[in-house]
Every structure is written in C-alpha cells, then in structure tokens.
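Residue numbers (my numbering), protein chains in the order written: chain A, 34 to 431; chain B, 34 to 431. Glycine included, C-beta positions come from ideal geometry on N, C-alpha and C. Reading through the structure tokens given below for one structure.
Protein chains: 2
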Amino acid sequence: MVKRNPHFAKLQSGYLFPEINKRKQAYLKMHPEAKILNLGIGDTTLPLDPHIAQRLQKHSFEMSTIEGYLGYGPEQGQSELRQKIASVLYSGRVHSEEVFVSDGAKCDIGRLQLLFGPDATMAVQDPAYPVYVDTSIMVGQPEIMYMPCNPENNFFPDLEQIKRTDLIYFCSPNNPTGAISTHEQLEKLIAFAKKNRSILIFDSAYSAYISDPSLPKSIYEIPGAREVAIEVGSFSKMAGFTGLRLGWVVIPEELRFEDQTSVRKDWERIHTTFFNGASCIVQKAGLAVLENEGLQFIQRMIESYMSNAEYLAENLRQLGITTYGGDNAPYIWVYFGKSSSWELFDTLLTKAQIIATPGIGFGSEGEGFLRFSAFAQRSHIEEAVQRLKELPLEVATA
Amino acid sequence: MVKRNPHFAKLQSGYLFPEINKRKQAYLKMHPEAKILNLGIGDTTLPLDPHIAQRLQKHSFEMSTIEGYLGYGPEQGQSELRQKIASVLYSGRVHSEEVFVSDGAKCDIGRLQLLFGPDATMAVQDPAYPVYVDTSIMVGQPEIMYMPCNPENNFFPDLEQIKRTDLIYFCSPNNPTGAISTHEQLEKLIAFAKKNRSILIFDSAYSAYISDPSLPKSIYEIPGAREVAIEVGSFSKMAGFTGLRLGWVVIPEELRFEDQTSVRKDWERIHTTFFNGASCIVQKAGLAVLENEGLQFIQRMIESYMSNAEYLAENLRQLGITTYGGDNAPYIWVYFGKSSSWELFDTLLTKAQIIATPGIGFGSEGEGFLRFSAFAQRSHIEEAVQRLKELPLEVATA
C-alpha cells in the first residue's frame with residue numbers, strides 16, 4: 034500500500050484557527066444568544082474602491098468578447114503588472130523580470146520551500162506566521178532554528194545567539210507582534226545573512242501599513258540586499274485583495290546558489306511548473322490599484338484600519354494592559370501578564386464574548402499574549418472596548 | 034552558501050513550449066512578413082457566455098459594497114460551489130466535502146506530488162502532459178515508470194508489463210493523444226491499482242469533450258474507484274476558464290494510506306497550508322457555469338471546438354495523413370511516418386508557416402507525431418488546410 038508521507042506525522046495536530054473556531058462554536062452552543070465580537074480576525078473587511086471594482090467589471094465584461102477574451106497568460110504575470118510593481122512599489126530598485134506575480138504570499142511561501150528543497154535548514158522568528166514552519170516540515174526540511182522576538186530584545190532577534198541556517202525567514206511589519214524593524218536592524222540582518230552566506234526571505238505583506246517615513250518598506254532599501262534577499266509581497270492587506278488572491282515574489286538576478294547557478298532561474302522553473310498564473314482579471318485589478326486613484330484609495334483604507342488600531346491600543350493601555358505594535362502595523366500584541374494565551378482567550382470569550390488570537394499559536398514566545406487586529410469592524414472594536422471597561426480590572430488583566 | 038536543490042539538475046533543460054517559441058521567433062526574424070498559423074495551441078480562444086461574464090461583473094461590483102465584499106473564504110472552496118460540483122458533475126457519486134476547489138489542475142498536480150512526498154514512486158502514460166513528470170522530479174521522487182501508449186496498443190498501456198508503483202497518473206480523454214478510455218479499460222485500470230494497492234490519479238480535465246454517452250466521463254463511474262482513485266478536474270477547457278483559473282480535486286473518504294490514516298485528511302492539510310483559495314469572484318463564476326444557462330453555453334462552445342477537430346482531422350486524412358483522436362477529445366494526434374517530431378515541426382513551419390506541437394515533447398513514444406489542437410481559431414484551421422493541400426504530398430507527409 035501507499036505509505037503516508039512521513040513528514041506529515043511531525044505536524045502539530047491542532048491548527049490555530051480551527052481550534053479558535055471550535056471553542057467559539059462550543060460557547061455559542063451553550064449561549065446561542067451571545068453576540069461575539071471578533072477582534073482576532075486577520076482578514077480585511079473594508080470594500081474595494083469603485084475605481085478598482087470598475088476595472089474588474091470592465092475586464093469581466095471583456096471576457097465575453099472576442100477581442101477582450103484572455104486565456105493563459107505568462108505564468109510569471111502580465112508584463113504591465115510586473116513593470117508597475119517594479120516601478121511603483123520598488124521605485125525601480127528591482128527589474129520587472131525579477132518580479133513574479135502570484136495568487137498570494139501564502140502560496141509563494143510554500144513554493145519557496147519547494148525551491149530550496151528538503152535539505153535546506155531555516156531560521157524563523159518566534160512568534161511567526163505559522164505557514165513558514167508548517168510548509169518547512171511538510172517538505173521535510175531537517176531543522177528549524179527559532180529566533181526569539183520578545184519585549185526584552187525589542188522584538189529583534191539577538192543574532193549572535195543564532196546559528197547559521199540556509200534560509201532566514203523574516204517578517205516586518207511583523208505578524209503577529211506588530212513590530213517594525215529599523216534601517217539599522219535590517220542592515221544587521223543583511224550583514225548576518227552575508228556573513229553566513231544565507232538567503233533571507235523577507236515577508237513584506239504588511240509594508241503598506243508603515244507610515245513613518247524613516248522606516249524601510251522593502252528589504253531592497255538596505256544596501257547589499259540584492260545579493261542575499263528574496264522579498265514576498267501581497268495585495269491582500271495592502272489593497273483588500275484577501276478574497277481576490279494576488280501577490281508577488283522578487284528574486285534579484287544577483288542571487289546565486291553555492292554552485293553559482295541562478296536562484297531566479299530555478300524559481301522561474303518552480304513558478305511555471307507548480308503554478309499557472311494569477312487570475313487574469315485580478316491582475317488587471319492589481320494594475321488599477323497601482324494607478325494614482327488606486328493608490329489614494331489604499332491610503333485612505335489603511336488610515337481607516339490604523340485608526341482602529343490606535344483607538345484599540347489607547348483604550349487597552351488606559352485599562353492598564355500592556356500593548357506592543359499597532360503603529361505602522363495592523364496588529365496589536367497584548368500582554369496580560371499572568372495567564373496562558375488559551376486561558377486568556379477563554380476568559381475574554383466567556384466574560385466579554387470577545388475573540389482575540391492566542392499568541393501561543395504563533396510560537397512559544399507568544400505564550401501569555403493575544404493578538405488583536407485592526408481589520409476588525411470599528412463598531413465591534415468600540416463595543417469590545419466598552420465591554421472590557423465594564424469588567425473588573427482583575428478579569429480584564431486575567 | 035546555500036546549495037542548489039539537487040533535484041533541479043535532473044530536469045531536462047529544454048522545455049517544450051519555450052523551444053517552440055524560440056524557433057517561431059527565429060523564423061519570424063528571417064521572414065518578418067510571414068503569417069504563422071498556430072494549430073498547436075492548447076489554450077481556449079472562444080469568449081465567455083454573457084451569463085457567466087455577468088456573474089463575474091455582479092460580484093466584481095459587490096466587492097465595492099460592504100454587504101457584498103468578500104475576504105478570505107474557506108481554502109477548500111465556497112461551500113455552494115463544492116456542492117454544485119458534486120451534484121452536477123458527479124451526480125452525487127462524490128460528497129461536497131470530498132471536493133477541493135483550486136486555481137487549476139496544474140497547481141493541483143504539483144500539490145498532489147507534495148502530498149505523497151519524495152519517497153513515492155509513480156507510473157505515467159508515455160506520451161503525457163509534461164507537468165506530471167516535472168513535478169515528480171522536482172519533489173525528488175526516486176522512480177518514474179513509463180507506460181507506453183501508442184497505435185499498437187490502441188493508446189491503452191499493457192498493464193501486465195507495468196511494475197507496481199505507489200501512484201499511477203492517467204489522463205482520459207488524453208492530452209496529447211486524444212485517446213479516450215472505455216469502461217472496460219478503466220475497470221482494468223482500477224483492478225490493476227487495487228491489486229497493486231496503488232493510488233490512481235485520474236486527470237479528467239478534458240472530460241466535457243466526451244460526447245459518446247457510452248464512454249465514462251469520471252473515474253467514479255467505475256465500480257470500486259472510490260477506494261483507489263483521486264480525480265483532478267478543471268474549468269479551463271470545460272468552460273474557457275484558462276485565464277480565470279479554477280479547478281478541483283476529488284479525494285474520496287475511503288482512500289487510505291498503509292497506516293490506515295485518511296488521504297483526504299492529509300490533503301486537507303496540504304490544501305489549506307500551501308494554498309489560500311481560488312479567487313472569490315471566479316468561484317462565483319464557476320457556479321454560473323454549473324447552472325442551466327451556463328451548461329448550455331459550454332455545450333455550444335464544446336461543439337464549436339469539436340467541429341474544428343472534425344474538419345481538421347477529415348482534411349488531414351484526405352491528404353493521406355494518419356490521425357488519431359479528435360473525436361471525444363480536442364486534440365488530434367498526427368503521424369507523418371518518416372521524420373522526427375522536430376523535423377516535422379520545422380518542415381511545417383518553414384514550408385507552410387504552420388505550428389503544431391512536437392509529440393516528442395510529451396515523451397519518447399511521441400516521436401514522429403505532432404499534436405494539433407481544436408482550440409485554434411477556425412479561420413486559421415481553414416487556411417492551414419488550404420496551405421497543406423497546396424504542398425507537394427511528399428512535403429505534407431514530410
């Protein structure tokens with residue numbers, strides 16, 4: 034008989050979001066009248082701008098005409114979109130042939146694991162987006178080095194404690210902690226990767242949320258990054274495309290394997306063999322995002338989400354609760370001090386019918402934290418703050 | 034430094050379609066005025082029906098409204114679409130929870146290789162869609178068993194000559210040969226898989242092109258298939274969705290690994306970790322395809338493509354050229370008798386400015402063949418027939 038892929042047994046059985054949903058459903062079964070406020074949600078909720086939706090409509094219509102019908106496009110993405118990403122989002126720091134358009138960052142992370150294969154070792158921030166670790170285990174990579182990121186080190190790993198790995202996954206602005214790395218920190222990271230001859234995989238999915246002009250939005254703003262870094266980007270949180278599915282990967286021409294072969298060239302092979310292009314009309318909508326009207330819309334959308342973050346963080350702090358992030362990032366990383374993440378989760382669910390994401394679900398350094406999201410509906414955030422204020426302080430701080 | 038993934042060096046460097054394009058461009062450089070007729074194309078060319086395009090437009094508009102905005106959906110697909118695929122396309126032979134909606138068959142084939150992992154052995158038809166073999170090599174699978182399919186065996190492998198493998202990839206209607214397997218043949222295939230305790234991966238991407246009611250459109254029409262077979266399906270050729278990207282995989286609940294764990298359950302983990310759902314509006318359009326109006330449209334579209342196939346095959350035969358397929362399948366597999374596929378390709382390109390796909394690009398059994406496609410534009414097919422008629426017979430038959 035066919036043997037089960039041995040790497041799958043190594044996966045933790047409980048997956049974060051299904052477990053949250055299970056506990057929520059169990060509570061609702063006991064309290065069907067409860068109005069649960071979901072402040073954990075990592076999904077966008079604001080509608081698209083008409084400028085972008087009209088572009089989608091236009092090309093949807095044209096799919097029913099002989100002239101406007103689109104079949105297979107280049108797997109690497111429509112050439113106009115690749116150029117626009119390079120010029121608008123990277124100010125020409127990368128070339129359009131280095132930009133590979135995809136159906137989103139999650140899928141690209143999986144394909145990147147395939148690119149480097151089962152023998153590659155990797156380092157990852159702790160806490161981190163679970164997909165880095167899960168995909169690494171599933172392709173059978175032998176070793177994962179965790180880089181603790183916590184309030185003690187200001188959420189930037191102590192690189193002297195980190196042993197060499199082939200790959201370093203790094204996300205800034207960070208999901209889940211909301212931490213943003215400075216120029217100086219990213220220079221250290223590049224130097225560390227260079228010294229170790231590692232490849233840095235920089236996840237910039239939340240870069241549009243950086244408003245402080247002194248903070249880098251792309252790894253390629255750091256000198257030397259082109260020789261060591263891949264960047265993963267996404268329209269999901271930048272433009273509300275979580276449902277539409279659009280992202281990209283940048284692989285600079287300079288990036289080389291030990292045998293001096295081109296990383297970009299092997300990626301092209303992965304991208305064109307394991308993938309068949311993002312949806313043609315969604316790519317057209319991506320182009321609309323990067324035009325002036327679209328850029329103005331995403332600016333307003335981001336300001337709206339960030340005002341949620343500011344309101345929520347400010348009110349949590351007034352309650353005496355310790356918060357991190359929430360400025361230049363859409364997540365607030367909240368420390369309640371005494372209990373485990375799942376105890377805190379259950380307390381908030383049962384005492385205030387509020388859902389936040391347990392930090393432990395992102396790694397052991399997340400224990401004791403909850404992740405609150407700026408993507409939640411404003412009315413839910415306001416009502417949640419009201420409910421928290423009405424709780425006795427010892428409950429609010431668990 | 035980071036080592037190159039060792040499996041990548043095993044890939045053949047020349048990829049079929051880039052090589053075709055290279056030769057075409059070289060010819061055009063020498064003969065810029067040439068009007069090249071592409072009869073090799075595997076891409077749809079007929080526009081969508083207004084019924085389907087209007088559904089896309091509707092949901093595109095709704096993405097700009099608070100009520101109609103869609104963020105992340107279930108990675109497995111919108112529940113209504115999963116149900117509709119199960120009921121309309123499988124007449125209830127599979128359950129909606131066994132249907133996993135995706136961005137297309139190519140991506141699913143890659144993810145299936147990940148599911149079974151680097152130790153799985155596989156058998157594949159020769160000739161075959163190159164993605165089965167390329168993805169197998171790239172995930173590092175140790176052994177590929179080729180099953181010759183040629184006029185001598187009526188394009189169905191002699192299973193007594195085939196040694197046991199974990200996986201058997203099988204495509205019917207076949208790309209590139211246009212061969213369709215009968216009930217009896219698929220019964221043999223299921224029995225062979227059962228005897229060997231192999232898993233059959235049945236690619237039904239062209240099943241909508243079967244008009245003969247006595248031929249099976251799905252592997253699940255064969256008794257016992259649920260215990261041994263996975264089916265890969267696609268909206269690409271069925272409904273002209275090559276650019277939009279929509280497909281599905283069926284994994285029956287009965288399917289088990291040697292340790293009795295559920296294949297469907299591990300697939301769910303792959304699907305939700307390496308993938309983030311097909312584009313929400315494209316899924317809505319997929320639903321429109323499976324409604325009465327949509328089904329009528331795809332019937333007309335398929336009849337139109339198949340009348341291309343009939344016209345082309347008939348005219349090739351009148352020229353004394355041997356053809357296979359082209360009924361119940363959109364591909365005609367043409368044997369010219371004397372030359373290699375690439376010699377034939379070059380002859381047609383230089384003598385008649387016609388492009389067809391070299392059979393050798395699909396496997397060694399394809400040597401001497403060219404694949405002609407019913408998806409080409411009718412006017413191109415008619416002009417190509419005219420040009421072939423004007424060639425001296427010894428050139429037409431190379």
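Distance between residue j and residue i (C-alpha atoms, nearest Å)
i        : j        : result
A:Phe290 : B:Ser244 : 51 Å
B:Ile365 : B:Gly358 : 5 Å
B:His413 : B:Thr77  : 14 Å
A:Ile142 : B:Ile177 : 27 Å
B:Lys117 : A:Glu347 : 47 Å
A:Leu233 : B:Ser267 : 36 Å
B:Ala311 : A:Gln58  : 26 Å
A:Lys91  : B:Gln109 : 28 Å
B:Phe395 : B:Gly75  : 13 Å
A:Leu44  : B:Thr305 : 13 Å
B:Ser124 : B:Asn325 : 15 Å
A:Gln316 : A:Pro190 : 36 Å
B:Leu145 : A:Phe203 : 28 Å
A:Glu193 : A:Ala226 : 12 Å
B:Ile252 : B:Arg420 : 41 Å
B:Leu403 : B:Phe235 : 24 Å
B:Leu219 : A:Asn54  : 42 Å
A:Leu328 : B:Leu279 : 29 Å
B:Asp292 : A:Asn187 : 46 Å
B:Ala241 : A:Met63  : 48 Å
B:Ser406 : A:Ala342 : 55 Å
A:Lys250 : B:Arg197 : 53 Å
A:Cys182 : B:Tyr179 : 50 Å
A:Gly401 : A:Lys228 : 35 Å
A:Val157 : B:Leu222 : 46 Å
B:Asn361 : B:Val367 : 16 Å
Counted within 10 angstroms of its Cβ, other Cβ atoms place residue i as buried (16 or more) or exposed
i        : result
A:Gly370 : exposed
B:Gly353 : exposed
A:Ala431 : Unreliable positioning characterises A:Ala431 in this predicted model, as indicated by a pLDDT of 48, which lies under 50. The coordinate reading is nonetheless provided below. Buried, by the Cβ-count rule.
B:Ser397 : exposed
A:Met155 : buried
B:Glu423 : exposed
A:Asp299 : buried
A:Pro363 : buried
B:Gln111 : buried
B:Pro425 : exposed
A:Ala238 : buried
Best match in the options for proximity to residue i [C-alpha to C-alpha]
i        : options                                : result
B:Ser373 : B:Gly399, B:Leu352, B:Leu382           : B:Gly399
A:Arg126 : A:Ala321, A:Thr275, A:Glu286           : A:Glu286
B:His40  : B:Tyr102, B:Asp167, B:Ala119, B:Pro65  : B:Asp167
B:Met34  : A:Tyr60, A:Gln410, A:Phe149            : A:Phe149
B:Leu10  : B:Pro425, B:Glu131, B:Gly396, B:Thr383 : With chain B covering only 34 through 431, there is no way to say anything about residue 10 of chain B.
B:Met96  : A:Asp292, A:Tyr179, A:Gly276           : A:Gly276
A:Ala409 : A:Arg56, A:Gln293, A:Gln419, A:Met339  : A:Met339
B:Glu66  : B:Glu416, B:Glu423, B:Gln386           : B:Gln386
A:Gln297 : A:Ala156, A:Gly106, A:Ser112, A:Val132 : Going by the sequence as given, residue 297 of chain A is Arg instead of Gln. Of the candidates A:Ala156, A:Gly106, A:Ser112, A:Val132, the one whose C-alpha sits nearest the C-alpha of A:Arg297 is A:Val132.
B:Ala389 : B:Ala42, B:Glu52, B:Leu222, B:Lys36    : B:Glu52
A:Pro175 : A:Gln158, A:Pro184, A:Glu185, A:Asp199 : A:Asp199
B:Val121 : B:Pro363, B:Gly401, B:Leu323           : B:Leu323
B:Tyr102 : B:Val367, B:Ala42, B:Cys313            : B:Cys313
B:Glu260 : B:Tyr239, B:Ala224, B:Val282, B:Pro246 : B:Ala224
A:Arg56  : A:Pro391, A:Ala119, A:Arg411, A:Gly211 : A:Pro391
A:Gly257 : A:Asn208, A:Ser247, A:Val282, A:Arg230 : A:Arg230
Minimum Cβ-Cβ distance from residue i to chain E less than 9 Å
i       : result
A:Tyr48 : In summary, chain E is missing from the structure at hand, where the protein chains are A and B.
Quick one, which residues of the segment 215-247 of chain B are near chain A if we go by CB-CB under 8 Å, in chain order?
Arg230, Ser231, Ile232
Quick check: the segment 41-52 of chain B against the segment 378-398 of chain A, are at least 3 beta-carbon pairs closer than 8 Å?
no
Residues of the segment 103-117 of chain A whose Cβ lies closer than 7 Å to any Cβ of chain B, in chain order
Leu103, Gly104, Tyr105, Gly106
Determine which residues of the segment 169-184 of chain A have a Cβ less than 8 Å from any Cβ of chain B, and write them out in chain order.
Met171, Val172, Gly173
Can we say the segment 260-278 of chain A touches the segment 69-84 of chain A, given the rule of at least three CB pairs closer than 8 Å?
yes
Are the segment 335-347 of chain A and the segment 304-322 of chain B in contact at 8 Å, needing three or more beta carbon pairs?
no
Tell me whether the segment 325-335 of chain B and the segment 159-175 of chain B touch, counting them as touching only if at least three CB pairs, one residue from each stretch, are closer than 8 Å.
no
When the Cβ atoms of the segment 150-157 of chain A are set against those of the segment 131-142 of chain A, are three or more pairs found closer than 8 Å?
no
Residues within the segment 58-78 of chain A neighbouring chain B, beta-carbon criterion of under 7 Å:
Asp76, Thr77, Thr78
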